[in-house]
Structure formats: structure tokens, C-alpha cells
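To start, the structure under review is shown below, and the notes come after it.
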Amino acid sequence: MQEDGVAQWEGYVDWRNRPATKARHGGMVAASFVLVVEVLENLAFLANASNLVTYLMKTMHYSPAQSATTVTNFMGTAFLLALLGGFLSDAVCTTYVAYLISAFVEFMGLVILTIQARSSSLMPAQCDKGAPGCLPVGGSKKAMLFVGLYLTALGVGGIKGSLPPHGAEQFDEDTPRGRKGRSTFFNYYVFCLSCGALVAVTFGVWVEDNMGWQWGFGISTVAILLSIPVFLAGSGRYRSKVPTGSPLTTIAKVLLAAASARSRGSGTQNGASNGAVIDRAPSPTGSTDMKEYYGNKESCEAVEPSQELKALNRAVQCQPRHRALACSVQEVEDVKIVLMVLPIFLATIMLNCCLAQLSTFSVEQAATMDTRVGGLKVPPASLPVFPVTFIILLAPIYDHVIVPLARRVTGTEMGITHLQRIGTGLVLSIVAMAVAAVVEVKRKKVATDAGMVDSTAGTPPLPITFFWIAFQYLFLGSADLFTLAGLLEFFFSEAPPRMRSLATSLSWASLALGYYMSSVLVAVVNSATGRGGHQPWLEGAKDNLNRYHLERFYWLMCVLSALNYVFFLVLAIRYKYRNAGVIKG
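Sequential numbering of the sequence shown, starting at 305, is according to our numbering.
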């Protein structure tokens with residue numbers, strides 16, 4: 305599209321809502337601002353979330369169970385709210401505006417938490433935990449705590465739902481260079497996310513433990529505040545997709561139209577056909593907009609719908625019950641894509657259930673082991689350093705070595721398809737759970753041989769280095785790199801343009817559901833194995849980890865992950881990428 309001799313991006317605007325131009329807007333330079341912002345944003349989020357249990361226990365006088373539940377609910381809510389951020393970015397405002405609003409909301413939440421942590425009058429009185437009268441925070445002080453936490457969660461969700469698609473939409477998907485650039489962006493998005501996490505779980509945790517929580521919350525507040533001018537600095541380079549209305553309305557309309565449509569009789573279809581049908585391919589190749597094949601809307605509407613999910617074709621091939629339910633072929637195909645990617649989304653929840661173990665049982669295992677590195681004693685809460693470090697090291701290698709090599713070997717543009725990448729992550733999660741089970745067997749054997757099975761807190765650690773735990777972190781960190789970046793790119797590139805932000809947010813929803821599923825699985829396992837007077841696998845005398853049957857739980861996770869991979873494999877083999885486009889009859 306050109307106006308006054310200047311090539312413009314159709315359907316995109318700049319930060320002032322003027323048409324975006326190809327000469328000035330978009331590209332890797334614009335996306336680079338997003339990557340820097342992600343470092344600051346994830347630092348602000350994880351600097352508190354990674355150590356929040358300690359704050360709630362020591363300062364707010366919550367029990368360990370109450371603290372764990374509060375943190376799980378906080379993080380799960382933050383990731384689930386990414387769906388809201390994605391929806392608003394698609395339906396109401398651009399990703400540019402959605403990010404700025406969300407960052408301000410998170411900033412306000414962190415300001416409230418900082419003010420509370422700094423003022424003793426807004427905190428519960430100091431007391432010895434368990435002593436008479438030492439009660440958890442309540443009343444207006446508790447209300448202030450939760451207002452701060454959930455304003456932060458709302459802001460985080462909005463950012464997760466708008467920032468990745470904002471960066472991805474800077475690239476021209478109609479050219480091989482643009483698609484390769486977008487793939488590189490998602491790899492480095494996970495890289496930058498991990499850089500922020502690395503600072504959070506090292507420097508951030510140290511500040512909170514040694515200087516006070518007001519400084520910890522203050523660092524997060526400053527980080528998210530700094531991210532706003534950094535983001536604004538790229539305003540002149542950004543292009544933003546124009547919102548096209550609620551994607552949920554389109555989905556509901558197509559489903560209702562297909563369910564209630566009346567046959568026209570004699571096989572007559574709604575509209576003329578030019579003999580062209582929509583087709584899909586087993587691997588991604590390019591763009592998907594049917595208008596690229598037909599220069600006007602009328603020709604586009606004459607295309608016949610694809611043969612996948614044929615029941616939905618009734619929405620365009622039969623008489624609608626009401627004019628409001630009249631659907632276009634493009635709308636039907638958009639809904640088909642959404643329904644076909646949802647099973648892929650479900651198949652990734654088990655992986656995130658495995659990842660949840662990194663912040664629970666793996667930390668408890670390390671707490672019983674020798675955590676000394678030379679003269680330095682590493683706190684178990686800093687163990688997330690392992691996976692984020694692996695991701696930081698692996699992301700550039702994957703993008704600059706593995707992918708180019710795969711492109712030469714396969715002769716394809718991508719080298720490794722989205723689903724192959726996600727599948728690799730699922731396989732690595734299976735290996736990680738098997739390794740975790742073997743390491744736990746070794747750890748318990750060391751405890752038995754050393755006569756330290758019933759050792760308690762405060763006793764010397766087991767004579768085994770915590771670096772054994774690093775093996776499962778290595779595999780799970782690698783799995784996270786492959787799967788998260790693969791999922792973000794898969795959902796963004798496969799989803800219809802009008803639904804991309806919402807679809808990309810499914811990656812974060814999978815993470816939230818994986819954490820929730822982990823909690824449910826632990827409860828179910830304990831209930832099932834504790835019947836008949838038997839000791840539950842994940843409980844022991846005096847809450848001693850050495851009396852747990854954690855290795856059995858890890859083997860169960862390994863088996864469940866393997867079954868989940870078979871489920872994913874069936875879906876991946878049957879899945880056809882939407883960008884095969886239109887086959888002319």
C-alpha cells in the first residue's frame with residue numbers, strides 16, 4: 305500500500321495512530337527496545353516473587369502452607385491475567401497502549417508494597433512466630449498487602465499479554481527475512497527474560513535478605529519505572545496492529561452459526577465459488593492471508609473453506625438463522641485455527657507441571673545437601689540460577705548454530721518447525737524427571753550410608769554436593785528454552801492476525817495451569833498412596849525429606865510426561881500449518 309509515494313504497512317499504525325511506513329517503522333531495531341524492556345520487567349516481577357514466601361512467613365507471620373498458597377495464587381493469577389492483556393490488545397487498544405497501561409498498574413502495585421514494607425505502622429507487630437498473640441497480618445494491613453500484590457499481578461499479566469506480540473509484530477511475515485527475524489526475536493525474548501531472572505534471584509534476593517524488604521520492593525519499583533521510558537524511546541520505530549474487535553465475538557458467532565444453520569437444500573452454498581479451496585501444510589512456509597491470493601474481498605469470500613473441522617463449514621455453506629450470524633470464510637477459518645491449536649496448548653501443561661518442581665521439591669532436596677562452593681555457601685533459594693544460566697548460554701547457541709545447521713540439513717526456511725521445537729522440549733522434560741529420580745535415589749543412599757536418614761534442620765548437610773541437582777536443572781532449563789520460545793512463536797504465527805495477542809497469551813496460561821496442576825497432583829498422589837494405613841509418598845516423619853518417596857513421585861512424573869508426549873506426537877503428526885494458503889481449482 306502506498307500513499308504520496310510512501311510505502312505503508314496495511315493495517316498498522318505508529319504510536320500517534322498514523323499509518324506506519326515501511327521505511328521507518330518495524331524491524332529488529334524496534335524489537336530491540338522490547339527486549340531491553342523485558343529484562344527490566346522480569347527483574348521487577350521475579351525479584352519479589354522468587355522470595356515472596358520468606359517475606360510472608362517472617363514479616364507477615366503466615367504459616368509455610370499459607371505462604372506457599374498465597375504465592376502460588378499470586379503467580380498463577382499473574383500468568384492467567386495474560387489472557388486479559390492479550391484480549392485487550394486484540395480487541396480494544398494496540399499492544400503499545402496495552403503495555404504502557406499495564407506497566408503503570410504494576411508500578412502502582414509495587415509502590416503500595418514498598419510503602420507498606422517501609423512503614424512499621426502498616427506492618428504487623430514483630431513477634432516470635434508461634435508465640436501467643438503472634439497472629440498473621442489482618443484487617444486493613446492485610447487488605448493493603450493484597451491490593452499491592454494483585455495490582456502487581458494485573459500489571460504483570462497485561463505486560464505478558466502485550467509485550468511479546470508487540471515485539472513480534474515488528475517483523476514482516478511476508479518475507480523470509482522477516483520470518484527469520486521474528487524467530488530470532490522470540491529466542492532472544494526468552495534470553496532477556498532469563499537475564500532479568502538471573503539478576504532477580506541473585507542480587508534481588510541478596511538485597512531482600514540483607515538490607516530489608518523495602519529495598520527489595522524498591523528495586524522492583526525502580527526497574528518497572530525505568531522500563532517505561534526505555535519502551536517509549538522506541539516509539540518512533542514501532543508499528544502496531546490496529547485492533548479489529550473482540551476475537552471472542554467472532555468465535556462465538558461462528559460456533560453458533562454452525563450449530564444453528566439451516567440447510568439451503570440441493571447442496572446450495574452461501575455465495576458463489578470459484579473452485580478454490582483453503583489448504584494447509586505439514587510445515588510452516590509463509591503468510592496466510594487469503595487476500596494475498598485474491599486482490600479483493602469479493603474474490604476472497606468466493607474461496608471454499610478447508611476440509612478440517614468440516615462441521616464448522618455449515619456457518620458459510622448453509623442459511624444462517626439470523627443476519628447477525630452471517631459468517632465469512634475467513635472468520636470460519638480463523639476459528640478453525642484456534643480450535644486446532646488448543647490441543648497443542650493442553651499438551652504443554654504437563655511440561656510446566658514438571659517445571660514447577662524446580663521451585664519446590666528440588667529446592668528442598670538441595671537444602672539437605674552440601675551447598676558450599678569454595679568458601680561460599682549458596683542459599684537453596686538461589687538454585688533458579690542454574691536453569692536461567694543454562695538458558696542464557698543455550699539461547700544464542702540455538703539461534704546462531706543449531707538453527708542455521710538445521711536449515712542447511714533440511715533445506716527449509718525454518719530448519720526446525722515450531723512443533724518439532726516444542727516436542728524437543730517435552731522429550732527433555734521426560735529425561736529431566738528420570739534424572740531427578742536417579743539423583744534422589746543417590747541422595748537417599750548417601751543419607752543411609754552416612755547414618756543421617758533422620759537428620760533434622762540445623763544438623764550438618766549430607767556429604768553430597770548440591771551440583772547433582774544441577775543435572776535436572778540443565779534438562780528442565782533446556783526444555784523451557786525450547787518449549788516457551790517455540791510456543792510463543794507457534795501461537796503468534798499460527799493465530800489469525802485479529803487474535804494473535806490472545807493466542808500468544810496461551811503460553812503463559814499453560815505455565816499457570818502447570819503450577820496449579822502440580823499442587824493438585826501432589827494432593828492426589830498423597831491421597832492415593834496414603835490409603836490403607838500406608839505412608840503417603842510425599843509425607844514423612846517430622847516432615848523429613850529422607851522419609852519421603854520422592855523418587856517414586858519423579859518416576860510417576862516421568863511416565864505421565866511420556867504419555868503426554870505420545871498425545872502431543874499424535875497431534876503434531878496430524879497438525880497442518882495454516883500457511884499453505886489457497887489452492888486454486
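Using N, Cα and C, we set each Cβ at its ideal position, and we do this for glycine too.
In chain order, which continuous runs of the alpha helix (DSSP H) of length 4 or greater are located wholly inside the segment 467-507? 480-503
Can you tell me where the alpha helix (DSSP H) holding Q420 begins and where it ends? In the sequence shown, counting from the first residue as 1, residue 420 sits at position 116. Q420 -> alpha helix (DSSP H) spans T399 to R422.
Residue interval of the beta strand (DSSP E) (run including V317): Locating residue 317 in the sequence shown gives position 13, where the first residue counts as 1. V317 -> beta strand (DSSP E) spans V310 to V317.
Are the beta-carbon atoms belonging to C631 and A563 less than 8 Å from one another? Locating residue 631 in the sequence shown gives position 327, counting from the first residue. Locating residue 563 in the sequence shown gives position 259, counting from the first residue. Going by C-beta atoms, C631 is not nearer than 8 Å to A563.
Beta-bridge pairing of L766 - partner residues as DSSP gives them: As a first step, residue 766 is located in the sequence shown; it is residue number 462 there, counting from the start. Partner(s): M673.
Please list the terminal residues of the continuous beta strand (DSSP E) segment that includes T325. Taking the sequence shown and counting its residues from 1, the one referred to as residue 325 is at position 21. Element bounds for T325: P323 to T325.
May I ask you to report which of helix, strand or coil DSSP gives E608? Start at 1 with the first residue of the sequence shown, and residue 608 comes out as number 304. Correct three-state label for E608: strand.
In its own chain, which residues sit with a C-beta less than 6 Å from the C-beta of D638, not counting the 5 before and 5 after it? Reading the sequence shown from its first residue, position 334 is the one you call residue 638. Around D638: P800.
Please say whether P480 and T808 have beta carbons closer to each other than 8 Å? Translated into positions along the sequence shown, residue 808 becomes position 504. Translated into positions along the sequence shown, residue 480 becomes position 176. No.
Spatial distance of C555 from A619 (CA atoms): Locating residue 555 in the sequence shown gives position 251, where the first residue counts as 1. Locating residue 619 in the sequence shown gives position 315, where the first residue counts as 1. Inspection of the sequence shows that residue 555 is occupied by Ile rather than by Cys. So the two alpha carbons sit approximately 11 Å from each other.
Using DSSP with H/G/I as helix, E/B as strand and the rest coil, what is K640? Counting from 1 along the sequence shown, the entry for residue 640 is found at position 336. Here K640 sits in helix by DSSP.
Cβ pair Y881, E793 closer than 8 Å: Numbered from 1 along the sequence shown, position 577 holds the residue referred to as residue 881. Numbered from 1 along the sequence shown, position 489 holds the residue referred to as residue 793. For Y881 and E793, no; Cβs fall outside 8 Å.
Contact check, L350 vs A504, beta carbons under 8 Å: By 1-based counting over the sequence shown, the position of residue 350 is 46. By 1-based counting over the sequence shown, the position of residue 504 is 200. For L350 and A504, yes; Cβs fall inside 8 Å.
Give the secondary structure of T759 by DSSP, where H, G and I count as helix, E and B as strand, and everything else as coil. Position 455 of the sequence shown holds residue 759. The residue you asked about is not Thr; residue 759 is Ser in the sequence shown. Coil, per DSSP.
According to DSSP, is L680 helix, strand or coil? For the purposes of this step, residue 680 is identified with residue 376 of the sequence shown, where counting begins at 1. Strand.
Nearest CA to the CA of A876: which residue from S423, P691, E608 and I648? Mapped onto the sequence shown, residue 876 falls at position 572. Comparing Cα positions, the closest option is I648.
What number of angstroms, rounded off, separates the C-alpha of D674 from the C-alpha of V642? Reading the sequence shown from its first residue, position 370 is the one you call residue 674. Reading the sequence shown from its first residue, position 338 is the one you call residue 642. Cα to Cα, D674 sits roughly 49 Å from V642.
Flag this pair as touching only if the segment 621-628 and the segment 691-702 have three or more C-beta atom pairs under 8 Å; answer yes or no. no
In DSSP terms, what S524 is bridged to: Numbered from its first residue, the sequence shown carries residue 524 at position 220. In the DSSP output, where bridge partners are listed per residue, S524 has none listed.
Relative to the C-alpha of T525, which residue among V677, E410 and V511 is closest? As a working note, residue 525 is residue 221 in the sequence shown. The candidate whose alpha carbon is nearest that of T525 is E410.
Between the beta-carbon of L791 and the beta-carbon of S822, is there less than 8 Å? By 1-based counting over the sequence shown, the position of residue 791 is 487. By 1-based counting over the sequence shown, the position of residue 822 is 518. Not closer than 8 Å, so no.
What is the DSSP secondary structure of S894, counted as helix, strand or coil? Outside the displayed range of the chain (305 to 889) lies residue 894, so it cannot be described from this structure.
Would you mind sorting F507 into buried or exposed? The rule is 16 or more other CB atoms within 10 Å of its CB. On the sequence shown, residue 507 is found 203 positions in, with the first residue counted as 1. Burial call: exposed.
So for S544, helix, strand or coil by DSSP? Here residue 544 is taken as the residue at index 240 of the sequence shown, counted from 1. The answer is strand: DSSP assigns S544 an E or B state.
Starting from the C-beta of V310, find all residues in its chain whose C-beta is less than 6 Å away, skip the five residues before and the five after it, and write them out in chain order. Against the sequence shown, residue 310 aligns to sequence position 6. The residues are T325.
Let's test the definition: count the other Cβ atoms within 10 Å of the Cβ of E612 and tell me whether it reaches 16, buried, or not, exposed. Counting from 1 along the sequence shown, the entry for residue 612 is found at position 308. Result: buried.
Are V494 and L785 closer than 8 Å when you measure CB to CB? Reading the sequence shown from its first residue, position 190 is the one you call residue 494. Reading the sequence shown from its first residue, position 481 is the one you call residue 785. In this structure, L785 lies closer than 8 Å to V494 by Cβ.
For a test of the three-state rule: what should DSSP assign to Q621, helix, strand or coil? As a working note, residue 621 is residue 317 in the sequence shown. Helix at Q621.
Using C-beta distances below 7 Å, list every residue in its chain close to V441, excluding the 5 sequence neighbours before and after it, in chain order. Working through the sequence shown from its first residue, we reach residue 441 at position 137. Excluding sequence neighbours, V441 sits near M364, H365, P428 and L449.
Using 8 Å as the cut-off, can you tell me whether the segment 765-773 makes contact with the segment 854-867, which would need three or more C-beta pairs spanning the two stretches below that distance? no
Decide if D318 is buried, meaning its Cβ has at least 16 other Cβ atoms within 10 Å, or exposed. The residue labelled residue 318 in the question sits at position 14 within the sequence shown. It counts as buried.
Taking the CB atoms as reference points, tell me whether G380 and Y820 lie closer together than 8 Å. Numbered from its first residue, the sequence shown carries residue 380 at position 76. Numbered from its first residue, the sequence shown carries residue 820 at position 516. A contact, by the Cβ cut-off of 8 Å.
Which residue from L559, G471, Q839 and F690 puts its Cα closest to that of S805? For the purposes of this step, residue 805 is taken as residue 501 along the sequence shown, with counting starting at 1. If we check each option's Cα against that of S805, G471 comes out closest.
Assuming Q420 and G452 form a contact by the criterion Cβ under 8 Å, report the distance between their Cβ atoms to the nearest whole angstrom. Counting from one through the sequence shown, the residue named residue 420 turns up at place 116. Counting from one through the sequence shown, the residue named residue 452 turns up at place 148. With a Cβ gap of about 7 Å, Q420 and G452 count as contacting.
Between the alpha carbons of S666 and K484, how many angstroms are there, rounded? Your numbering for residue 666 matches position 362 in the sequence shown. Your numbering for residue 484 matches position 180 in the sequence shown. Roughly 37 Å separates the two Cα atoms.
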